[in-house]
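Visitor:
Number of protein chains: 2
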Amino acid sequence: MANRVTLDDIARKVGVSKTLVSLVLNGKAEQFGISRKTCERVFQVVKELNYRPNQTARSLRTGKTGTIGLVVSDISNAFYAQMARIFEDLAAAQGHSVIICSTDEDAEKEQRLITVLRNRQVDGLVVSTSQREVSWLLSINKYDTPIVLIDRHLGDNVLAAVVAANRTGGALLARHLKEQGYRHPLVLGLSTSLISSVAERIDGFVDEFKKHGVTCVIHAVGFNSLQSDVDALFANLKALPVKPDCIFAVNNNVATAALQSISARGIRVPIQLGLVCFDDLPYFSIINPGITAVEQPISQMCRKAFELLHQQISGNIDRSNVSIYEIPVKLNIRESSLKKFS
Amino acid sequence: MANRVTLDDIARKVGVSKTLVSLVLNGKAEQFGISRKTCERVFQVVKELNYRPNQTARSLRTGKTGTIGLVVSDISNAFYAQMARIFEDLAAAQGHSVIICSTDEDAEKEQRLITVLRNRQVDGLVVSTSQREVSWLLSINKYDTPIVLIDRHLGDNVLAAVVAANRTGGALLARHLKEQGYRHPLVLGLSTSLISSVAERIDGFVDEFKKHGVTCVIHAVGFNSLQSDVDALFANLKALPVKPDCIFAVNNNVATAALQSISARGIRVPIQLGLVCFDDLPYFSIINPGITAVEQPISQMCRKAFELLHQQISGNIDRSNVSIYEIPVKLNIRESSLKKFS
DNA sequence: CTGAAAGCGCTTACAG
DNA sequence: CTGAAAGCGCTTACAG
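Protein chains in written order, with our numbering: chain A, 1 to 342; chain B, 1001 to 1342.
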């Protein structure tokens, strides 16, 4: 079942020691002045016997597995699925692999999954965390596992983090809506609003409207009861203190749930209700009306996070002095927020 | 950096051998008649020192890594992202992890990625293969790595495979379109049409129309130039021998590209052009018109594949006698294919 | 230029 | 009930 041809087999067949073979295979032939001839014999036998190094044995010896863990709330969410692909490519470029973990926004599940990952000796962790406080992650990062947070941070100067310009993005959406004449915004948030990204999107949005004397209504829906919560809200839209004239969906899943409700109820966008979303999706530009959205710089975020992670892995960084990196976002204006002025 | 507390540390502190500790930790205390008292002392020290077993060392010894590889064309594709999530959950239920790999429909890249995975000693592989022939995968499966194909098979009785009822699904769509009065179908296929799933969808579709004397036009677009190829087609729709009155998109990506073009050109669906897709997406039921689609039984497919993989891993199966499992699909009829009869 | 030996951290016969 | 020892397949000082 396992790898049947080992270094020893190669060594025996070539008639050298396995030290020699290992050196050659790891590209240290030159460094150790091993003759070209010997190298060729080694390579030939390696090919002949179809030798593949056992990465598990190598990992045990070197302490590196060439594996990183990607921990997110749900890998099937388009945002994280894209991330997974980018990290996979980044990792593959250096022969590394990525293991995926979905936490379902559950802080304890996240800890369990990360523990499994650490037992597997992953070289590092990229996590879109569901922790409410930094202590647990900090404790494992301090002298041990390299960690970079992505999408969500846990406060200044504790854990390296790469996030989108969430506050700015929220403000951009608010300003746009305000300019279009909307005056009664409803923020469709998540019950997990403690997470920094959502909180900051909402803050940026609300603050911007406040500048103009407009108070936003905020309504939180559950991560695990998204559609039903949204449906319930739409069923009672008129029951709200002020009937909203536009909606801000704080992420792609919320927007999709809202659109589902809107579609089912035959609400006309943007005439009856404006709609904007933080996070862009391919179908937002296909449908009619197109959905105005803030586009996240996923690729840049991943690249930066990967870079930061490798600084930690290679050890050339002072972990007591880390930063939060904020990557600019882009506003894509489409018809869903273009109010016909009356 | 690495795990600093080992079995030896526990053994020393408790004052027993590491054999004893290992036995206790692996739940073999009862079997070896180890006293309850000893067990408790072990567990206490394990907790005290915060011991975590080194999975790499364990894997080297046992030959099992508790890891499976999921190899697909693109993990960011909604279909595969969903699969990833389901496999992750299935694996996690027994403490296993999944490593993702995206092949970009490149058979050689697939082989390279699988080789990396095998070097990592994964216990098994689930692959939506891009191989054109079975030989390579078969050779590694024969006496070595457990493999189950998913979504695409490579012929009868060679490698275990779980696929959707692709031919039936194609036929269902064709019959529906035919009943709606469409007479000039255009199949939007992929240049990778050699893969069984796409080929069978097309076959089922074409055969059904042929029964009624209708010949389908088939147009293949490139996996890596999807949108531009689709755009080019739509720009010259009238140049086709027969102007199509409906389109069959063979997968979700093709459908999205088609919708993009349709939207950009202001083509009205279904009045001017009917549209159906193999593979359902959440937004298909949101937009107006809704898109008629065949829904794939992803969850069932994954469960069956996982089960088959575990039969191979645990060794209780005859690998020379494998089957292709076909899981039924469901037709979701929406407005995009409802022709107004004139 | 090359090899013998130690050791990474486990599990598992084997012996008592 | 418990322990000493071998060994999984590598890499890496160390010695010559």
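C-beta: ideal position from N, C-alpha, C; glycine also. Computed from a predicted model, the values in this text were never measured in an experiment.
1) Considering just the uninterrupted stretch of the beta strand (DSSP E) at Gly189/A, what are its terminal residues?
2) For the beta strand (DSSP E) containing Tyr51/A, list its first residue and its last residue.
3) Closer than 7 Å between beta carbons: that is the criterion. Which residues of the stretch 1047-1074 of chain B meet it against chain A?
4) Between the C-alpha atoms of His1310/B and Cys101/A, what's the straight-line distance to the nearest angstrom?
5) What are the complete alpha helix (DSSP H) segments, minimum 4 residues, inside the stretch 99-153 of chain A?
6) Considering Cα atoms alone, identify which of Pro1244/B, Thr1168/B, Arg1132/B, Ser1225/B is closest to Arg1183/B.
7) State the DSSP-derived secondary structure class of Gly204/A, mapped to helix, strand or coil.
8) Of all the CB atoms in chain A, is at least one closer than 8 Å to the CB of Arg1319/B?
9) Once the 5 residues before and after Ile218/A are set aside, which same chain residues still bring their CB inside 7 Å of it?
10) Please say whether Tyr1325/B and Ala1161/B have beta carbons closer to each other than 8 Å?
11) According to DSSP, simplified to helix, strand and coil, what is Thr19/A?
12) Gly95/A versus chain B: which residues are under 9 Å apart at the beta carbon?
13) What distance in whole Å lies between the Cβ atoms of Asn332/A and Ala305/A, which are believed to be in contact at a cut-off of 8 Å?
14) In chain A, what lies closer than 8 Å to Glu1088/B by C-beta?
15) At a CB-CB cut-off below 9 Å, which residues of chain B make contact with Ser263/A?
16) Relative to the C-alpha of Tyr80/A, which candidate in Asn141/A, Pro328/A, Leu281/A has its C-alpha closest?
17) With which residues is Ser1225/B paired in a DSSP beta bridge?
18) Which residues of the stretch 1210-1230 of chain B have a Cβ closer than 7 Å to any Cβ of chain A? Give them in chain order.
19) Leaving out five residues on either side along the sequence, give the residues of the same chain with a beta carbon under 7 Å from the beta carbon of Thr1041/B.
20) Interface residues of chain B around Pro282/A at Cβ under 7 Å?
21) Please work out which residues of its chain come closer than 7 Å, Cβ to Cβ, to Thr1129/B, disregarding the five sequence neighbours upstream and downstream, and give them in chain order.
22) Under DSSP, the alpha helix (DSSP H) around Leu7/A begins and ends at which residues?
23) Among His1212/B, Ile1271/B, Pro1289/B, Leu1194/B, whose alpha-carbon lies nearest the alpha-carbon of Val1250/B?
24) Report buried or exposed for Ala1343/B, applying the criterion of at least 16 other Cβ atoms within 10 angstroms of its Cβ.
25) Residues of chain A with a CB under 9 Å from the CB of Ala1078/B: which are they?
26) Work out the CA separation of Arg1118/B and Gln55/A for me, nearest whole Å.
27) Going straight from the alpha carbon of Lys18/A to that of Ile317/A, what length do you get?
28) Between Val1072/B and Gly1027/B, what straight-line distance do the alpha-carbon atoms span, to the nearest angstrom?
29) If the cut is a Cβ gap below 8 Å, which residues of chain A does Arg1201/B touch?
30) Buried or exposed: where does Asn1157/B fall if 16 or more other Cβ atoms within 10 Å of its Cβ makes it buried?
31) Return the chain-ordered list of same chain residues with a C-beta closer than 6 Å to the C-beta of Ile271/A, the five sequence neighbours on each side being excluded.
32) Taking only three categories from DSSP, how would you classify Thr1067/B?
33) Could you tell me how far apart the beta carbons of Val24/A and Cys39/A are, in whole angstroms, since I believe they sit closer than 8 Å?
34) Per DSSP, what kind of secondary structure is Lys210/A in: helix, strand or coil?
35) Would Gln1111/B count as contacting chain A if we go by Cβ distances under 8 Å?
36) Anything in chain A within Cβ reach of Ala1085/B, meaning under 8 Å, just list it in chain order.
Guide: Quick answer:
1) Within the first sequence, residue 189/A is the residue found at index 189, counting from 1. From DSSP, the beta strand (DSSP E) with Gly189/A extends over 185-190.
2) As a position in the first sequence, residue 51/A is number 51, starting the count at 1. Per DSSP, Tyr51/A belongs to no beta strand (DSSP E) and is neither H nor E.
3) Arg1052, Pro1053, Asn1054, Gln1055, Thr1056, Ala1057, Ser1059, Leu1060, Gly1063, Thr1065, Asp1074
4) Taking the second sequence and counting its residues from 1, the one referred to as residue 1310/B is at position 310. Taking the first sequence and counting its residues from 1, the one referred to as residue 101/A is at position 101. Those two C-alpha atoms are separated by around 20 Å.
5) Taking only runs of at least 4 residues, the alpha helix (DSSP H) segments lying wholly in the stretch 99-153 of chain A are 107-119, 135-142.
6) As a first step, residue 1183/B is located in the second sequence; it is residue number 183 there, counting from the start. Among Pro1244/B, Thr1168/B, Arg1132/B, Ser1225/B, the Cα nearest to that of Arg1183/B belongs to Pro1244/B.
7) Position 204 of the first sequence, counted from the first residue, corresponds to residue 204/A. Residue state, collapsed to three classes: helix.
8) In the second sequence, the residue the question calls residue 1319/B occupies position 319. No, no contact with chain A.
9) Looking up residue 218/A in the first sequence gives position 218. Here the set comprises Val187, Gly189, Ile202.
10) In the second sequence, counting from the first residue as 1, residue 1161/B sits at position 161. In the second sequence, counting from the first residue as 1, residue 1325/B sits at position 325. Their beta carbons are under 8 Å apart, which means Ala1161/B touches Tyr1325/B by this criterion.
11) As a working mapping, residue 19/A is identified with position 19 in the first sequence. Correct three-state label for Thr19/A: helix.
12) Translated into the one-based positions of the first sequence, residue 95/A becomes position 95. Within chain B, the residues near Gly95/A are Val1116.
13) Taking the first residue of the first sequence as position 1, residue 305/A is located at position 305. Taking the first residue of the first sequence as position 1, residue 332/A is located at position 332. Contact doesn't hold; Cβ gap of about 23 Å is too wide.
14) By 1-based counting over the second sequence, the position of residue 1088/B is 88. Within 8 Å Cβ-Cβ: Ile75, Ile100, Cys101, Ser102.
15) Counting from 1 along the first sequence, the entry for residue 263/A is found at position 263. Within 9 Å Cβ-Cβ: Ser1285, Ile1286, Ile1287, Asn1288, Gly1290.
16) Counting from 1 along the first sequence, the entry for residue 80/A is found at position 80. Answer by Cα proximity: Leu281/A.
17) Sequence index remark: in the second sequence, residue 1225/B carries index 225 (1-based). DSSP lists no partner for Ser1225/B.
18) Residues: none.
19) Along the second sequence, read from residue 1 onward, the residue named residue 1041/B stands at position 41. With the sequence shown as reference, residue 1041/B is identified as Arg, and Thr is not the correct amino acid for it. Excluding sequence neighbours, Arg1041/B sits near Val1014.
20) Taking the first sequence and counting its residues from 1, the one referred to as residue 282/A is at position 282. Within chain B, the residues near Pro282/A are Thr1256.
21) For the purposes of this step, residue 1129/B is taken as residue 129 along the second sequence, with counting starting at 1. So the qualifying residues of the chain are Glu1110, Leu1137, Leu1149, Arg1152, Leu1154.
22) On the first sequence, position 7 is the one that residue 7/A refers to. First-last of the alpha helix (DSSP H) with Leu7/A: 7-14.
23) Residue numbering aside, residue 1250/B sits at position 250 when the second sequence is read from its first letter. Per the Cα distances, Leu1194/B.
24) Residue 1343/B is absent from the model: chain B starts at 1001 and stops at 1342.
25) As a first step, residue 1078/B must be located in the second sequence, where it is residue number 78. By Cβ distance, chain A contributes Ser76, Ala78, Ala81.
26) Locating residue 55/A in the first sequence gives position 55, counting from the first residue. Locating residue 1118/B in the second sequence gives position 118, counting from the first residue. Those two C-alpha atoms are separated by around 9 Å.
27) Position 18 of the first sequence holds residue 18/A. Position 317 of the first sequence holds residue 317/A. Cα to Cα, the separation comes out at about 35 Å.
28) As a first step, residue 1072/B must be located in the second sequence, where it is residue number 72. As a first step, residue 1027/B must be located in the second sequence, where it is residue number 27. Going from the Cα of Val1072/B to the Cα of Gly1027/B covers about 37 Å.
29) Reading the second sequence from its first residue, position 201 is the one you call residue 1201/B. Within chain A, no residue comes near Arg1201/B; the closest Cβ sits about 22 Å away, beyond 8 Å.
30) Within the second sequence, numbered from 1, the residue matching residue 1157/B stands at position 157. The residue in question, Asn1157/B, is exposed, as its Cβ has fewer than 16 Cβ neighbours within 10 Å.
31) Within the first sequence, residue 271/A is the residue found at index 271, counting from 1. Excluding positions up to five away in sequence, the list is empty.
32) Here residue 1067/B refers to the residue found at position 67 of the second sequence. In this structure, Thr1067/B counts as strand in the three-state DSSP scheme.
33) For the purposes of this step, residue 24/A is identified with residue 24 of the first sequence, where counting begins at 1. For the purposes of this step, residue 39/A is identified with residue 39 of the first sequence, where counting begins at 1. Rounded, the Cβ-Cβ distance is 5 Å, consistent with contact.
34) Translated into the one-based positions of the first sequence, residue 210/A becomes position 210. Three-state DSSP puts Lys210/A in a helix.
35) Within the second sequence, the letter at position 111 stands for residue 1111/B. Taking Cβ atoms only, chain A never reaches closer than 8 Å to Gln1111/B, which makes this a no.
36) The residue you call residue 1085/B lines up with position 85 of the second sequence. Residue identity differs from the one stated: residue 1085/B is Arg in this sequence, not Ala. Correct list: Asp74, Ile75, Ser76, Ser102.
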